[in-house]
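Taking it in order: structure first as structure tokens, then the write-up.
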Amino acid sequence: MKNALRFVMASVVVTGLLAAVPAQAAVRYHLIKKVVLGGQGFWDYLKCDSADHRLFISRGTHVVVVDTRTLKVVGDIPDTLGVHGIALAPEFNRGFTSDGAANQATIFNLKTLKVIGTTKTTGRGPDCIVYDPASRRVFTFNGGSDNSTAIDAATGKVVGTIELGGRPEFAVADGEGHIYNNLEDKSEELEIDTHSLKILHRWPLAPGEHPSGIAMDPKTRRLFIGCHNQLMVIMDANNGRIVATEPIGRGVDACRFDPGTRLAFSSNGMDGTLTVVHEDSPNKFHVVAQVPTERGARTMAVDPRTHRVYLVTAKFGPFQPPRPGERFRRPTLIPGSFTLLVLAP
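Quick note on my numbering: the sequence shown kicks off at -19 and runs consecutively.
Right under this line is the structure:
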């Protein structure tokens, strides 16, 4: 009886210890597929439409649409000159692109991918684009004029402009009427009211510098902000308090969060790595892995249904040093080498 009791007690202790270990601590992402998509031109943001199994990839003058089940190209949205990002408003069956060289947003039908129309932005160089379901508005963040254009998703009409006071990078909506936007040159985080179009707060990101990508866990209200001094700054969206920092690779551009696994990701194009950070609790985090990808794989999308991570890159010619006043110079792309990378746990 004593031995049996000891066995039961030991089993309980072991079970308790296992339960205390985060389930995702053992998650190890790895490359499962490489698909050469080819085509000309550079790229920027990716957007995953998990419901319809589509991946939208911006390609400079058009948007390529890939079926995530077959990894084949199933559509194309043309004439999006200088396109950076894609935002989806499924309740209106509409998608929007930010066409940086045309100073406009292109509106397309989500089912047919046919272009519905365009809307001129109130600023130059629209880059990031975000849909806010609470206000039912689309926001472009215009890097050439340090402002944001608010567009009614139902009508496609401009409803206002927000002066940001710095150069915007990526942004994320919390679904409750707030957008959080990185100011790259100020190393600040903005909290924006999407109804009043007012800036509610400006929060410093130090020790983070020159933020780029941002993602959010809406449940814990934690922001994951990728900074170019190789830090992921984790911020409380309620008050701007920095609760943690985690190391990432060089050349971050995008950050994403998967609520099903409680994993945050940073795609690091210079190092060719994907940093994976686990949210153990709202105030505790740890780096799970630095997963090898390929150099140039700086933007990504995450499918919350399959937990797959999608990145794109290409083969490059020689890298050239930047000219005076330039932060970097894009290398020459080897024609036909544009490639989709698929990572899975």
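Cβ atoms here follow ideal geometry from the backbone N, Cα and C, with glycine treated the same way.
Predicted model only: the values in this text are computed from it and were never measured.
Nearest to residue i (by Cα), restricted to the options the options
i: Asn122; options: Asn162, Ala324, Pro302; result: Asn162
i: Lys27; options: His10, Pro184, Cys108, Gly252; result: Cys108
i: Asn127; options: Pro325, Ile205, Glu149; result: Glu149
i: Arg288; options: Pro302, Glu274, Ala324, Gln270; result: Ala324
i: Glu274; options: Pro304, Thr293, Asp260; result: Thr293
i: Gly276; options: Val256, Gly249, Pro301, Tyr290; result: Gly249
i: Val61; options: Arg49, Trp23, Ala31; result: The identity of residue 61 in the sequence shown is Leu, whereas the question assumes Val. With distances taken between Cα atoms, Leu61 lies closest to Trp23.
i: Thr101; options: Ser78, Tyr111, Arg116; result: Ser78
i: Phe237; options: His42, His258, Ile222, Ala269; result: His258
i: Met196; options: Ala234, Asn209, Ile179; result: Ala234
i: Tyr25; options: Gly19, Gly18, Phe36, Leu17; result: Phe36
i: Ser30; options: His10, Arg242, Val282; result: Val282
i: Pro272; options: Pro113, Leu291, Gly157, Asp59; result: Leu291
i: Gly97; options: Asp59, Glu143, Ala81, Phe299; result: Asp59
i: Lys178; options: Gly193, Tyr160, Ile194; result: Tyr160
i: Asp112; options: Ala81, Gly80, Gly157, His42; result: Gly157
i: Tyr9; options: Pro304, Pro301, Val268; result: Val268
i: Thr279; options: Lys137, Ile194, Thr86; result: Ile194
i: Gly65; options: Leu144, Arg309, Val110; result: Val110
Spatial neighbours of residue i in its chain, beta-carbon cut-off 8 angstroms, leaving aside the 5 residues before and after
i: Asp165; result: Gly146, Arg147, His190
i: Val54; result: Arg34, Val45, Val46, Asp47
i: Lys94; result: Phe88
i: Gly103; result: Asn83, Thr120, Asn122, Gly124, Ser125, Asp126, Asn127, Ser128, Thr129, Thr141
i: Gly19; result: Arg39, Val44, Gly316, Phe318
Terminal residues of the beta strand (DSSP E) in which residue i lies
i: Phe237; result: 232 to 238
i: Pro304; result: That residue, Pro304, is in no beta strand (DSSP E); it is neither H nor E in DSSP.
i: Gly193; result: 191 to 197
i: Asn248; result: 243 to 248
i: Asp283; result: Here Asp283 belongs to no beta strand (DSSP E), and DSSP marks it neither H nor E.
i: Thr225; result: 222 to 227
i: Ala134; result: Taken as a continuous stretch (DSSP letters only), Ala134 belongs to no beta strand (DSSP E), as it is neither H nor E.
i: Leu211; result: 211 to 216
i: Ile205; result: 202 to 207
i: Glu111; result: For the sequence presented, residue 111 should be read as Tyr rather than Glu. Unbroken beta strand (DSSP E) run through Tyr111: 106 to 112.
i: Leu291; result: 289 to 293
i: Asp24; result: Segment: none, Asp24 is in no beta strand (DSSP E) and carries neither H nor E.
Identified DSSP bridge partners for residue i
i: Tyr160; result: Val152, Glu171
i: Trp183; result: Glu169
i: Ser128; result: Phe121, Ile142
i: Phe265; result: Glu259
i: Ala324; result: His10
i: Gly97; result: Ile87
i: Asp327; result: The requested residue 327 is not part of the displayed model; the chain covers only -19 to 325.
i: Pro272; result: Thr253
i: Leu313; result: Phe296
i: Thr319; result: Val16, Thr293
Contacts around residue i, its chain only, beta-carbon distance under 7 angstroms, and the 5 residues preceding and following it disregarded
i: Asn73; result: Asn89, Leu90, Lys91
i: Asp251; result: Gly229, Arg230, Gly231
i: Lys13; result: Leu51, Val322
i: Leu185; result: Ser167, Glu168, Glu169, Pro191, Ile205, Cys207, Val213
i: Thr312; result: Phe296, Gly297
i: Arg117; result: Ala130, Ile131, Asp132, Ala133, Val139, Thr174
i: Pro187; result: Leu211, Thr225
i: Pro198; result: Asp154, Gly155
i: Pro284; result: Ser30, Asp238, Pro239, Gly240
i: Pro262; result: Thr200, Arg202
Other residues of its chain near residue i: CB distance less than 6 angstroms, five sequence neighbours each side excluded
i: Ala224; result: Ile214, Phe265
i: Ser246; result: Gly206, Met212, Ile228, Val232, Cys235, Thr255
i: Gly21; result: Arg39, Gly40
i: Asn218; result: Arg201
i: Leu180; result: Glu171, Asp173
i: Val16; result: Thr319
Of all the beta strand (DSSP E) runs that stay within the bounds of the region 37 to 89, which reach a length of 3 or more residues?
43 to 47, 52 to 57, 63 to 69, 74 to 79, 84 to 89
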